[in-house]
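J.: Take any residue in the sequence shown, note its place counting from 1, add 16, and you have its number in my numbering. Glycine included, every Cβ here is placed at the ideal spot set by N, Cα and C. No experiment lies behind these values; they were computed from the predicted model shown.
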Amino acid sequence: MSPSNSKPAANNLDAFFMPFTANRQFKKNPRLLAKAKGVHYWTPEGRKVIDGTAGLWCVNAGHGREEIKAAIVKQLEEMDYAPSFQMGHPKSFELAARHAAMLPGDLNHAFYCNSGSEAVDSALKIALAYQRARGQGTRTRLIGRERGYHGVGFGGISVGGMVNNRKWFGSLLPGVDHLPHTHDLKRNAFSRGEPEHGVELADELERIVGLHDASNIAAVIVEPCAGSTGFLPPPKGYLKRLREICDKHGILLIFDEVITGFGRLGASFAAEKFGVVPDLMTVAKGISNATVPMGGVFVRKHIYEGLMNGPDSAIDLFHGYTYSAHPLACAAASAVLDIYRDEGLFQRAAELSAYWEDGVHSLKGTGGITDIRNLGMAAGIDFESRKDAPGARGYDTFVKAFELGLMVRQAGDCIAMSPPLIIEKNQIDEIIDITGKAIKATA
Ligand code: PMP
Numbered sequence: 017m018s019p020s021n022s023k024p025a026a027n028n029l030d031a032f033f034m035p036f037t038a039n040r041q042f043k044k045n046p047r048l049l050a051k052a053k054g055v056h057y058w059t060p061e062g063r064k065v066i067d068g069t070a071g072l073w074c075v076n077a078g079h080g081r082e083e084i085k086a087a088i089v090k091q092l093e094e095m096d097y098a099p100s101f102q103m104g105h106p107k108s109f110e111l112a113a114r115h116a117a118m119l120p121g122d123l124n125h126a127f128y129c130n131s132g133s134e135a136v137d138s139a140l141k142i143a144l145a146y147q148r149a150r151g152q153g154t155r156t157r158l159i160g161r162e163r164g165y166h167g168v169g170f171g172g173i174s175v176g177g178m179v180n181n182r183k184w185f186g187s188l189l190p191g192v193d194h195l196p197h198t199h200d201l202k203r204n205a206f207s208r209g210e211p212e213h214g215v216e217l218a219d220e221l222e223r224i225v226g227l228h229d230a231s232n233i234a235a236v237i238v239e240p241c242a243g244s245t246g247f248l249p250p251p252k253g254y255l256k257r258l259r260e261i262c263d264k265h266g267i268l269l270i271f272d273e274v275i276t277g278f279g280r281l282g283a284s285f286a287a288e289k290f291g292v293v294p295d296l297m298t299v300a301k302g303i304s305n306a307t308v309p310m311g312g313v314f315v316r317k318h319i320y321e322g323l324m325n326g327p328d329s330a331i332d333l334f335h336g337y338t339y340s341a342h343p344l345a346c347a348a349a350s351a352v353l354d355i356y357r358d359e360g361l362f363q364r365a366a367e368l369s370a371y372w373e374d375g376v377h378s379l380k381g382t383g384g385i386t387d388i389r390n391l392g393m394a395a396g397i398d399f400e401s402r403k404d405a406p407g408a409r410g411y412d413t414f415v416k417a418f419e420l421g422l423m424v425r426q427a428g429d430c431i432a433m434s435p436p437l438i439i440e441k442n443q444i445d446e447i448i449d450i451t452g453k454a455i456k457a458t459a
């Protein structure tokens, strides 16, 4: 059948199978967003909601940016689409050069895709292909971490560490181990910034090497600061220690910076903030301010060159997407870089982060809170779980906050917050105020 001319009722929510949503519950009590500008959303009824999460950790420069719109429209008028397989278009090369110029260390090549999940699967494949190209084809094992989130591709859920994202989907990738997560309430509850304790958890990598031998291990992937499982900043020294162990054994280190990239922590990337350069870095979200879907893998010089010296000279990497380096995404991403630069948004995030930290920690004692964590312009707040209904307190707090005019993100009995980096201090006060009210209401 052709698309019908008759418009379905606007309140018919049935046909859309919503991702990561309790569809049945949602459709009885929907939360709809119809407009966005700056740090706010509006519901279809016109109710204003402050965006405490920058969408899904992605609208770093705020909503409705005219500069990005203009760049997308201009690109659309010039050329809507061009493939990047055995062809190219100038914007993709320009964008990669701009990213290379802002990346730490010798991370200097960019592979583009359309999402964080694609970026992760691409990075894992690049790591495996690189090991093979340098004559180390036995290095096939991948190591992730408990409570890691690396998107929803089969690679990503295999190295990821969230049981609900894994348990429905069969046997996943073979040859994967997991480091322990770094959330330690006994020693680190209510830490400000990076927690003091837990550097030794990186040594678990030595144990895994002892079990399999380094000659069988391709890469380790971690989020420098875990996001989706409740925002877990790394213990002091942890990432440096991981880097050292990887170097010692010839294992590649991948940072999944889908959340931390493009300013969230008050630096361009977590790699810069922590002074640890991974071999590969995955990005998405803030790369395009979420206006056009885009993801990417940034790789260091030796990775790129290793693949250029590999045996297959016709095509260097048998991997790519129809929409890799989509012209509209490249145009948007370039305009976003202009905004980040012209408004000094990464620096702004660094300057605001102390105010943010004080704000979120002022909620301590509000009602059933077991931990508050923060770093840069992000935070996580944990609640004591109800014995009969784990996750209910987190969900209720999220729903209550929305009713009171604030969007937060729920992960089990935790809520996470990560406002756009253009947020003003009085708007931070408003976020903290509403969060406190929502917590009290659900305590
Ligand atoms: N990696 C990390 C660290 C993420 O936070 C996310 C998304 N929240 C992803 C990967 C997946 O990104 P996407 O949803 O764009 O596929």
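1) Can you check DSSP and say which residues form a bridge with Arg425?
2) Return helix, strand or coil for Trp58, following the three-state DSSP convention.
3) What would DSSP say about Thr413, mapped onto helix, strand or coil?
4) Among residues of its own chain, excluding the 5 on either side of Ala300, which ones have a beta-carbon nearer than 6 angstroms to its beta-carbon?
5) Are at least three pairs of beta-carbons, each pair with one atom in the region 280 to 297 and one in the region 216 to 226, less than 8 angstroms apart?
6) Would you kindly report the start and end of the unbroken beta strand (DSSP E) that includes Tyr128?
7) Please report the distance separating the alpha-carbon of Ile444 from that of Val376.
8) Quick one: is Tyr165 buried, meaning 16 or more other Cβ sit within 10 Å of its Cβ, or exposed?
9) Work out the CA separation of Leu195 and Lys403 for me, nearest whole Å.
10) Am I right that Arg461 and Val215 are in contact with their C-beta atoms under 8 angstroms? What's the rounded C-beta distance?
11) Would the beta-carbon of Ile275 be found less than 7 angstroms away from any heavy atom of ligand 1?
12) When the Cα of Ala432 is compared with those of His213, Leu422 and Ala143, which residue comes out closest?
13) Per DSSP, what are the beta-bridge partners of Val293 in this structure?
14) Is Gly282 helix, strand or coil when you go by DSSP?
15) What number of angstroms, rounded off, separates the C-alpha of Leu119 from the C-alpha of Tyr356?
16) Taking Thr156 and Ala50 to be in contact with their CB atoms under 8 angstroms, please state how far apart those CB atoms are, rounded to whole angstroms.
17) Roughly how many angstroms separate the alpha carbons of Arg409 and Ser207, rounded to a whole number?
18) Hey, out of Pro436, Met324 and Tyr411, whose CA is closest to Glu400's CA?
19) For Ala77, report the span of its alpha helix (DSSP H) as first-last.
20) Does the separation of the CB atoms of Leu201 and Asp332 fall below 8 angstroms?
21) Which residues does DSSP pair with Asp67 in a beta bridge?
22) Given this structure, state the Cα-to-Cα distance separating Ser187 from Asn181, to the nearest angstrom.
23) Is the beta carbon of Ala300 within less than 7 angstroms of some heavy atom of ligand 1?
24) Among Thr451, Leu217, Val352 and Phe334, whose alpha-carbon lies nearest the alpha-carbon of Gly383?
25) From Ala145, Ala405 and Thr413, pick the residue whose C-alpha is nearest to that of Gly315; which is it?
26) For a minimum of 4 consecutive residues, which ranges assigned as the alpha helix (DSSP H) are wholly contained in the region 124 to 199?
27) If you compare alpha carbons, which of Phe36, His228, Ser100 and Ala31 is closest to Gly336?
28) Curious, which full-length alpha helix (DSSP H) runs of at least 4 residues does the region 326 to 409 contain?
29) Within a Cβ cutoff of 8 angstroms, which residues of the same chain sit near Phe290, ignoring the five residues on either side of it in sequence?
30) Between Pro294 and the rest of its own chain, which residues show a CB-CB distance below 7 angstroms, the 5 nearest in sequence each way excluded?
31) Determine the extent of the alpha helix (DSSP H) in which Phe465 is found, giving its start and end residues.
32) If you check the beta carbons only, do Ile385 and Ile303 fall under 8 angstroms apart?
33) For Gly54, collect the residues of the same chain with a Cβ closer than 8 angstroms to its Cβ; drop the 5 residues on either side in sequence, then sort them by chain order.
34) Less than 8 angstroms between the beta carbons of His115 and Ala98, yes or no?
35) Which of helix, strand or coil does DSSP assign to Ala287?
36) Please determine whether the Cβ atom of Gly272 lies at a distance below 7 angstroms from any heavy atom of ligand 1.
T.: Answer, in terms of the structure:
1) The residue labelled residue 425 in the question sits at position 409 within the sequence shown. Answer is Ala432.
2) Translated into the one-based positions of the sequence shown, residue 58 becomes position 42. Correct three-state label for Trp58: strand.
3) Your numbering for residue 413 matches position 397 in the sequence shown. The answer is helix: DSSP assigns Thr413 an H, G or I state.
4) Translated into the one-based positions of the sequence shown, residue 300 becomes position 284. These residues qualify, in order along the chain: Ser131, Gly132, Ala135, Val274 and Gly311.
5) no
6) As a first step, residue 128 is located in the sequence shown; it is residue number 112 there, counting from the start. Residues Leu123 to Cys129.
7) Sequence index remark: in the sequence shown, residue 444 carries index 428 (1-based). Sequence index remark: in the sequence shown, residue 376 carries index 360 (1-based). Each residue's Cα considered, the two are about 9 angstroms apart.
8) By one-based count along the sequence shown, residue 165 stands at place 149. The residue is buried, with at least 16 neighbouring Cβ atoms inside 10 Å.
9) Within the sequence shown, residue 403 is the residue found at index 387, counting from 1. Within the sequence shown, residue 195 is the residue found at index 179, counting from 1. When rounded, the distance between both Cα atoms is 28 angstroms.
10) In the structure as shown, the chain begins at 17 and stops at 459. Residue 461 is therefore absent and cannot be evaluated.
11) As a position in the sequence shown, residue 275 is number 259, starting the count at 1. Yes, ligand 1 has a heavy atom inside 7 angstroms of this Cβ.
12) Taking the first residue of the sequence shown as position 1, residue 432 is located at position 416. The option with the nearest alpha carbon to Ala432 is Leu422.
13) Sequence index remark: in the sequence shown, residue 293 carries index 277 (1-based). Here Val293 is not bridged, per DSSP, to any residue.
14) Here residue 282 refers to the residue found at position 266 when the sequence shown is read from its first residue. Coil, per DSSP.
15) On the sequence shown, residue 119 is found 103 positions in, with the first residue counted as 1. On the sequence shown, residue 356 is found 340 positions in, with the first residue counted as 1. Using only the alpha carbons, I get a separation of about 14 angstroms.
16) Position 140 of the sequence shown, counted from the first residue, corresponds to residue 156. Position 34 of the sequence shown, counted from the first residue, corresponds to residue 50. Not a contact, Cβ separation roughly 48 angstroms.
17) Translated into the one-based positions of the sequence shown, residue 409 becomes position 393. Translated into the one-based positions of the sequence shown, residue 207 becomes position 191. Between Arg409 and Ser207, the C-alpha separation is close to 22 angstroms.
18) Sequence index remark: in the sequence shown, residue 400 carries index 384 (1-based). Minimum Cα distance to Glu400 is reached at Tyr411.
19) Along the sequence shown, read from residue 1 onward, the residue named residue 77 stands at position 61. Run containing Ala77: none; DSSP gives neither H nor E here.
20) Taking the first residue of the sequence shown as 1, we reach residue 201 at position 185. Taking the first residue of the sequence shown as 1, we reach residue 332 at position 316. Cβ distance not < 8 angstroms, so Leu201 and Asp332 don't count as in contact.
21) Start at 1 with the first residue of the sequence shown, and residue 67 comes out as number 51. In DSSP, Asp67 forms a bridge with Met423.
22) Numbered from its first residue, the sequence shown carries residue 187 at position 171. Numbered from its first residue, the sequence shown carries residue 181 at position 165. Cα-Cα distance, rounded: 12 angstroms.
23) Indexing the sequence shown from 1 puts residue 300 at position 284. The answer is yes for Ala300.
24) Taking the first residue of the sequence shown as position 1, residue 383 is located at position 367. Comparing Cα positions, the closest option is Thr451.
25) Mapped onto the sequence shown, residue 315 falls at position 299. Reading off the sequence, residue 315 comes out as Val, not Gly. It is Ala145.
26) 132 to 149, 170 to 175 and 179 to 182
27) Position 320 of the sequence shown, counted from the start, is the residue given in the question as residue 336. The shortest Cα separation from Gly336 among Phe36, His228, Ser100 and Ala31 belongs to Ser100.
28) 343 to 358 and 361 to 377
29) If you number the sequence shown from 1, residue 290 lands on position 274. For Phe290, where only same-chain residues beyond five positions count, the Cβ hits under 8 angstroms are Pro240, Pro250, Leu255 and Lys256.
30) Along the sequence shown, one-based indexing puts residue 294 at 278. Cβ neighbours of Pro294 beyond the five flanking positions: Leu269, Ile270, Phe271 and Ala287.
31) Past the boundaries of the shown model lies residue 465; the chain is included only from 17 to 459, so the question cannot be answered.
32) On the sequence shown, position 369 is the one that residue 385 refers to. On the sequence shown, position 287 is the one that residue 303 refers to. Not closer than 8 angstroms, so no.
33) Position 38 of the sequence shown, counted from the start, is the residue given in the question as residue 54. Same-chain partners within the cutoff: Gly78, His79, Gly80, Pro436 and Ile438.
34) Along the sequence shown, one-based indexing puts residue 115 at 99. Along the sequence shown, one-based indexing puts residue 98 at 82. No, the Cβ-Cβ distance between His115 and Ala98 is not below 8 angstroms.
35) Position 271 of the sequence shown holds residue 287. In the structure shown, Ala287 sits in a helix (DSSP, three-state: H, G or I).
36) Position 256 of the sequence shown, counting from 1, holds the residue named residue 272. Residue identity check: residue 272 is Asp in the sequence provided, not Gly. Indeed, a heavy atom of ligand 1 lies less than 7 angstroms from the Cβ.
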